[in-house]
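Visitor: Below are the structure tokens for one structure; questions will follow.
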Amino acid sequence: MSFAIALSGLNAAGSELSVTSNNIANVGTHGFKGSRAEFADVYSVNSFSTSKTAIGSGVLLSQVRQQFNQGSLEYTDNGLDLAINGSGFFMTSTGRDTLDPAYTRAGSFGVDANGYVVNSQGQFLQVFPVDPDDGTVISTSFSSAGSLQVPDSFGAPSATTEVTLGVNLPSGAPDLPIANFDPQDTSTFTQTTSTTVYDSLGNPHTLQAYFIKTDSANNTWETRTFLDGNQLTPQVTEDLAFNASGILTTPADGLVHYSPETLTNGANPLSLTLNYLSANGTDTTQFSSPFSIASLTQNGAGTGRLNGLEVTEDGTVQGNYTNGESRALGKLVIADFPNAEGLRQVGNTMWRETVSSGQVLVGEAGTGRFGSIQASALETSNVELTSQLVKLITAQRNFQANAKSIETSSTVTQTIINI
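Going from the sequence shown to our numbering is simple: count from 1 and add 1.
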């Protein structure tokens with residue numbers, strides 16, 4: 002009997018050595034959660050036995066309990082390195098279009114060849130659908146989750162039709178003869194400004210406006226406007242006139258219309274209007290202050306190419322594009338469980354739902370029980386190395402002690418045989 006008891010002790014010590022060694026081996030694994038070996042004593046009892054005479058039958062491994070306390074955060078330069086600060090798991094799927102969920106705390110993600118956000122095992126990060134304009138979540142149900150795809154381009158190109166320009170032209174500027182105007186000679190014009198406009202194919206073009214003070218007595222300026230170095234033809238006039246208070250009076254509606262400009266790249270002719278009276282009150286004026294630009298906008302857009310990804314604290318994934326547009330692509334699904342310790346480990350710092358874990362609960366980051374998102378960060382292993390080394394020494398001593406019990410039992414048995 003003593004042999005069996007000591008052998009159970011050896012097995013228990015070996016199990017603790019294995020669990021502790023696994024913890025130590027994964028001390029540098031992002032998202033890893035350490036485990037703890039728990040043991041129970043063994044008694045062979047029946048209805049006639051009493052506690053006074055009961056002798057234990059050894060020890061057995063009761064369970065290996067996972068420890069889901071928070072690991073520390075390690076900051077990186079990758080915007081798709083994500084960490085959950087608080088409770089919850091990222092939800093991934095082995096299938097791109099079919100949901101086969103697995104859960105992880107390791108938030109090292111990247112974009113694959115098809116634009117999908119995946120982890121190092123190629124599993125697809127799951128998000129809730131959102132309104133691309135304002136990021137409002139459309140649904141937070143489990144069934145609405147889908148794989149996050151990042152479009153490389155966004156938005157069909159649209160030709161510029163109006164440029165809104167609010168400037169102050171200095172009233173003290175000297176008059177210049179318009180006949181001498183030369184865009185290459187800065188002494189022949191008072192001020193200039195430029196912006197980028199787009200044609201129907203999304204190609205960029207440079208629009209340059211020149212301002213020439215021609216008649217101080219009547220507060221009159223003439224303008225000349227060029228597209229890619231070619232002068233545009235106004236449909237009526239492009240002169241600007243101001244009253245004695247410096248307020249624009251000509252054109253009365255602030256609009257200067259130009260004849261369509263034919264382009265050589267196959268795009269439609271570009272018909273532009275300069276609006277010197279902007280809706281936000283930054284109108285074109287003539288005051289004594291220096292030349293300044295209060296507003297300069299245009300209503301066209303080129304096709305945007307992906308310029309970067311941003312993940313906010315609430316889990317909104319936003320794509321930023323080269324045309325200045327931003328688009329909400331989805332909101333991270335954060336999953337949690339009534340009993341996270343009941344999850345089944347499947348390797349690669351992934352877990353799957355079991356009966357013991359309870360049914361998965363999903364929601365948005367930073368709401369209710371769900372932790373917030375820290376972008377450009379990874380959660381490190383929650384294993385505390387010093388305590389694991391102490392456990393290793395303790396398990397080794399337990400193993401040695403149980404081995405000594407077997408040795409002693411063997412000696413006693415040999416003595417009995419020799420009687």
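Every residue gets a Cβ at the ideal spot worked out from N, C-alpha and C, and that includes glycine.
Predicted, not measured: the structure shown is a model, and the values here were computed from it.
Could you please give me the residues that DSSP links to A329 through a beta bridge?
Guide: Here residue 329 refers to the residue found at position 328 when the sequence shown is read from its first residue. Beta-bridge pairing links A329 to Q319.
Visitor: Less than 9 angstroms separating the beta-carbons of F90 and Q192?
Guide: On the sequence shown, residue 90 is found 89 positions in, with the first residue counted as 1. On the sequence shown, residue 192 is found 191 positions in, with the first residue counted as 1. Going by C-beta atoms, F90 is not nearer than 9 angstroms to Q192.
Visitor: Only counting the same chain, and skipping five residues up and downstream in sequence, which positions put a Cβ closer than 7 angstroms to that of N181?
Guide: As a position in the sequence shown, residue 181 is number 180, starting the count at 1. Cβ neighbours of N181 beyond the five flanking positions: T189.
Visitor: Closest by CA to A107, which one among T416, I420, E380?
Guide: To locate residue 107, count along the sequence shown from 1; it is residue 106. Checking every option, the nearest Cα to that of A107 belongs to E380.
Visitor: Can you find the residues in the same chain that come closer than 7 angstroms, C-beta to C-beta, to T165, ignoring five residues on each side of it along the sequence?
Guide: Translated into the one-based positions of the sequence shown, residue 165 becomes position 164. So the qualifying residues of the chain are N276, S279, S296, T298.
Visitor: How would you label S388, buried or exposed, when you count the other beta carbons within 10 angstroms and need 16 or more for buried?
Guide: As a first step, residue 388 must be located in the sequence shown, where it is residue number 387. The residue is exposed, with fewer than 16 neighbouring Cβ atoms inside 10 Å.
Visitor: Could you check the C-alpha separation between G10 and V131 for me, to the nearest Å?
Guide: Taking the first residue of the sequence shown as position 1, residue 10 is located at position 9. Taking the first residue of the sequence shown as position 1, residue 131 is located at position 130. Roughly 56 angstroms between the two C-alpha positions.
Visitor: Grab the span of the alpha helix (DSSP H) containing E94 for me, first residue to last.
Guide: For the purposes of this step, residue 94 is identified with residue 93 of the sequence shown, where counting begins at 1. Going by the sequence as given, residue 94 is Ser instead of Glu. It is not in any alpha helix (DSSP H) - S94 instead sits in the beta strand (DSSP E) that spans 90-94.
Visitor: Roughly how many angstroms lie between the CA atoms of G59 and S36, to the nearest whole one?
Guide: Here residue 59 refers to the residue found at position 58 of the sequence shown. Here residue 36 refers to the residue found at position 35 of the sequence shown. Cα to Cα, G59 sits roughly 23 angstroms from S36.
Visitor: Between F69 and the rest of its own chain, which residues show a CB-CB distance below 6 angstroms, the 5 nearest in sequence each way excluded?
Guide: Taking the first residue of the sequence shown as position 1, residue 69 is located at position 68. Only K34, A341 meet the Cβ criterion.
Visitor: Should A103 and S109 be called a contact, given that it needs their Cβ atoms to be closer than 9 angstroms?
Guide: Residue mapping note: residue 103 aligns to position 102 of the sequence shown, counting from 1. Residue mapping note: residue 109 aligns to position 108 of the sequence shown, counting from 1. Not closer than 9 angstroms, so no.
Visitor: Give the straight-line distance between the Cα atoms of S289 and G255, rounded to the nearest whole angstrom.
Guide: Sequence index remark: in the sequence shown, residue 289 carries index 288 (1-based). Sequence index remark: in the sequence shown, residue 255 carries index 254 (1-based). Roughly 21 angstroms separates the two Cα atoms.
Visitor: Could you name the residues that DSSP lists as bridge partners for E365?
Guide: If you number the sequence shown from 1, residue 365 lands on position 364. Bridge partners of E365: none, in fact.
Visitor: In the DSSP assignment, find the unbroken beta strand (DSSP E) run with N276 in it and report its ends.
Guide: By 1-based counting over the sequence shown, the position of residue 276 is 275. Counting along the chain, the beta strand (DSSP E) containing N276 begins and ends at 274-276.
Visitor: Just to confirm, are G343 and G364 a CB contact at a threshold of 9 angstroms?
Guide: For the purposes of this step, residue 343 is identified with residue 342 of the sequence shown, where counting begins at 1. For the purposes of this step, residue 364 is identified with residue 363 of the sequence shown, where counting begins at 1. Result no, Cβ atoms of G343 and G364 do not sit closer than 9 angstroms.
Visitor: Can you give the Cα-Cα distance for A402 and G57, rounded to whole angstroms?
Guide: For this step, residue 402 is matched to residue 401 along the sequence shown. For this step, residue 57 is matched to residue 56 along the sequence shown. Cα to Cα, A402 sits roughly 17 angstroms from G57.
Visitor: From this set, N266, E314, I248, which residue's C-alpha is nearest Q287's C-alpha?
Guide: As a first step, residue 287 is located in the sequence shown; it is residue number 286 there, counting from the start. Ranking the options by Cα distance to Q287, first place goes to I248.
Visitor: Considering L8, what are the terminal residues of the alpha helix (DSSP H) in which it resides?
Guide: Position 7 of the sequence shown, counted from the first residue, corresponds to residue 8. Unbroken alpha helix (DSSP H) run through L8: 3-26.
Visitor: Does DSSP classify F400 as helix, strand or coil?
Guide: Numbered from 1 along the sequence shown, position 399 holds the residue referred to as residue 400. Helix at F400.
Visitor: What does DSSP give as the partner residue(s) for L166 in the beta ladder?
Guide: Counting from one through the sequence shown, the residue named residue 166 turns up at place 165. Per DSSP, L297.
Visitor: So is E39 buried or exposed if we call it buried at 16+ other beta carbons inside 10 Å?
Guide: Position 38 of the sequence shown holds residue 39. It counts as exposed.
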